[in-house]
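For reference, the structure is listed below as structure tokens.
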Amino acid sequence: MKRTQFDILRQCYDELASELKTFEHDLIRDLLRAWDVSFKQMDNYLLSKQVTKSQVSSGLRQGLKDLPEIFDDLPESIRETALAKYKLVMSKYE
Numbered sequence: 000m001k002r003t004q005f006d007i008l009r010q011c012y013d014e015l016a017s018e019l020k021t022f023e024h025d026l027i028r029d030l031l032r033a034w035d036v037s038f039k040q041m042d043n044y045l046l047s048k049q050v051t052k053s054q055v056s057s058g059l060r061q062g063l064k065d066l067p068e069i070f071d072d073l074p075e076s077i078r079e080t081a082l083a084k085y086k087l088v089m090s091k092y093e
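Going by numbering that gives the first Met the number 0, the sequence shown opens with residue 0, and the numbers climb by one from there.
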């Protein structure tokens, strides 16, 4: 079965979440909780055919692009490590 852009983006988010779980910071925990809720809602919408994977993909791509801006609110030591993990994961999916 061919992997869709949505499937690739979803895998990227899953890998990022796994990497970011190591951080002890409220912003990161809140971000991961929001992703969890959003992906559960997305899964429900996809199952009920309210949206298609292609309709969701552009929003997922934009969310990944915006993530470094969210990291700007982290303390410098955490931000640098989070950005390094982000770049590492993103390099696998570009």
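Heads up, the beta-carbon is just placed ideally off N, CA and C, and yes, glycines get one too.
For residue i, three-class secondary structure by DSSP
i: P74; result: coil
i: E18; result: helix
i: S47; result: coil
i: T3; result: coil
i: E68; result: helix
i: E79; result: helix
Within 8 Å, strictly: CB atoms of residue i and residue j
i: I77; j: F22; result: yes
i: K20; j: L31; result: yes
i: Y92; j: C11; result: yes
i: L15; j: D72; result: no
i: L82; j: P67; result: yes
i: F5; j: S57; result: no
Option in the options with minimal Cα separation from residue i
i: P74; options: Q40, H24, V55, Q54; result: H24
Residue i, buried or exposed, once every other Cβ within 10 Å from all chains shown has been counted against 16
i: V50; result: exposed
i: V36; result: exposed
i: L59; result: buried
Presumed contact (8 Å Cβ cut-off) between residue i and residue j, rounded CB distance
i: T3; j: K48; result: Going by Cβ atoms, the distance from T3 to K48 rounds to 15 Å, so no, they are not a contact pair.
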